[in-house]
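S.K.: Just dropping this structure here.
In my numbering, the protein residues as written are 78 to 463.
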């Protein structure tokens with residue numbers, strides 16, 4: 078019995094350490110994690126990302142002798158590091174392995190066992206790290222496994238018919254069933270930080286269920302102690318962003334500097350239409366929209382339509398290189414994470430058209446208008462007649 082207590086104590090102490098972060102102020106902290114890869118792993122196939130509590134970003138580690146260190150700032154209770162590694166042993170896609178780390182120096186050791194049927198990321202030894210799989214993430218995945226399997230099977234059977242409203246509706250309902258089933262698990266475990274984490278990542282960042290319904294769910298189901306955390310406030314910000322950026326919503330105001338150091342304030346542009354373009358240098362579809370936006374810029378006077386591009390790049394040099402190559406002729410801003418969350422930007426490219434009252438009259442995602450034909454028609458019906 079004594080040996081068992083000694084064996085469990087470090088993990089218990091670690092859980093307590095992470096729990097204490099709930100009660101600290103929303104200050105910026107820094108994590109330092111040493112990662113040792115299994116010798117069989119190829120660095121080019123490894124993908125690493127870190128969620129700092131505001132946004133999740135890929136990182137390119139410098140790997141020397143199968144070892145690298147991650148040093149990043151984060152907010153909230155902890156940072157989340159996620160690894161994925163395509164492996165021939167996996168039959169259900171590329172798995173992701175997520176870990177929580179705090180501002181206590183930490184180590185993740187991946188190793189290969191004699192059982193080569195396992196992806197190398199399945200095996201690890203942790204120091205001052207919590208694997209999400211061990212505290213409920215795997216249980217959550219198992220809870221929605223049946224519904225997820227139904228979505229996959231339906232897609233494989235009818236993927237060539239999903240442009241038919243009949244099949245598309247059924248497919249959407251099956252996806253909704255996954256979300257509803259997942260919310261059952263979250264409600265049953267709602268006092269845990271993992272439930273807050275799952276809600277933030279699986280629901281607050283998804284358009285599968287109406288944002289208004291999710292916001293009501295969050296405010297009525299989660300305890301106040303979790304609602305008042307940094308992560309809880311980010312959830313509210315993001316869901317409000319989803320609500321406000323739907324057609325008929327009032328676009329969130331912002332003030333930022335453009336690439337020429339001019340101050341750009343959205344509310345100061347009332348009286349004219351404003352087209353917001355969320356993009357990034359690494360986004361091929363975003364870059365392919367540039368000629369279409371150039372045509373729009375040439376067609377409508379600046380006095381009637383202002384175009385503001387907001388880059389979601391992490392690398393400012395890559396952003397500037399893209400501008401040099403594409404030569405856009407409208408306002409360019411290197412945006413920050415707060416703006417991204419207040420506008421609830423998930424996938425890009427993403428365009429929003431705001432009228433002279435500051436109200437959203439077009440949402441690319443809502444319109445499913447990735448060739449912007451509907452946008453061009455709307456501009457022709459409104460601005461061209463002004």
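For every residue, glycine included, the Cβ atom is placed at its ideal position computed from N, Cα and C.
Measure from the alpha carbon of residue 174 to the alpha carbon of each residue in 218, 137, 148, then state which is nearest.
M.R.: If we check each option's Cα against that of residue 174, 218 comes out closest.
S.K.: Quick one: is residue 284 buried, meaning 16 or more other Cβ sit within 10 Å of its Cβ, or exposed?
M.R.: Result: exposed.
S.K.: Look at the Cβ atom of residue 404, then the Cβ atom of residue 335, and state whether they are nearer than 8 angstroms.
M.R.: Not in contact: residue 404 and residue 335 (Cβ atoms no closer than 8 angstroms).
S.K.: Between which two residues does the beta strand (DSSP E) holding residue 124 run?
M.R.: That run of the beta strand (DSSP E) goes 124-128.
S.K.: Mind the definition here: the segment 428-437 touches the segment 315-331 only if three or more C-beta pairs lie below 8 angstroms; say whether that holds.
M.R.: Yes: the two stretches touch, three or more of their Cβ pairs being nearer than 8 angstroms.
S.K.: Less than 8 angstroms between the CB atoms is what I'm expecting for residue 255 and residue 225, so what's the real figure, rounded?
M.R.: Going by Cβ atoms, the distance from residue 255 to residue 225 rounds to 6 angstroms, so yes, they are a contact pair.
S.K.: If contacts are defined as beta-carbon pairs under 8 angstroms, then residue 412 and residue 364 qualify, I think. What distance do you get, rounded to the angstrom?
M.R.: Not really, about 17 angstroms apart at Cβ, beyond 8 angstroms.
S.K.: Out of curiosity, what's the CA-to-CA distance linking residue 312 and residue 251?
M.R.: Answer to the nearest angstrom: the Cα atoms are 25 angstroms apart.
S.K.: According to DSSP, is residue 388 part of a helix, a strand, or is it coil?
M.R.: Note: residue 388 maps to strand in three-state DSSP.
S.K.: How is the alpha helix (DSSP H) around residue 462 delimited, first residue to last?
M.R.: Where residue 462 is concerned, there is no enclosing alpha helix (DSSP H), given that its DSSP letter is neither H nor E.
S.K.: Could you pull the start and end residues of the alpha helix (DSSP H) that residue 419 belongs to?
M.R.: Run containing residue 419: 414-419, per the alpha helix (DSSP H) assignment.
S.K.: For residue 188 and residue 163, I'd like the C-alpha separation in whole angstroms.
M.R.: Going by the C-alpha atoms only, they are around 16 angstroms apart.
S.K.: From residue 370 to residue 432, what does the alpha carbon distance come to, in whole angstroms?
M.R.: Roughly 18 angstroms separates the two Cα atoms.
S.K.: Please go through the same chain and pick out, in chain order, the residues whose beta-carbon is closer than 6 angstroms to the beta-carbon of residue 353, but skip the five residues on each side of it.
M.R.: Cβ within range, chain order: 385, 429.
S.K.: Taking all protein chains shown into account, do 16 or more other C-beta atoms lie within 10 angstroms of the C-beta of residue 417, making it buried, or fewer, making it exposed?
M.R.: Label assigned to residue 417: buried.
S.K.: If you draw a straight line from the alpha carbon of residue 99 to that of residue 236, how long is it in whole angstroms?
M.R.: Residue placement at residue 99 is poorly supported in this model, since its pLDDT is 42, which falls under 50; the coordinates are not used for a value here.
S.K.: Taking just the CA atoms, how far does residue 113 sit from residue 427?
M.R.: Spanning the two alpha carbons is a distance of roughly 38 angstroms.
S.K.: Using the three-state DSSP reduction, which class does residue 148 fall into: helix, strand or coil?
M.R.: Correct three-state label for residue 148: strand.
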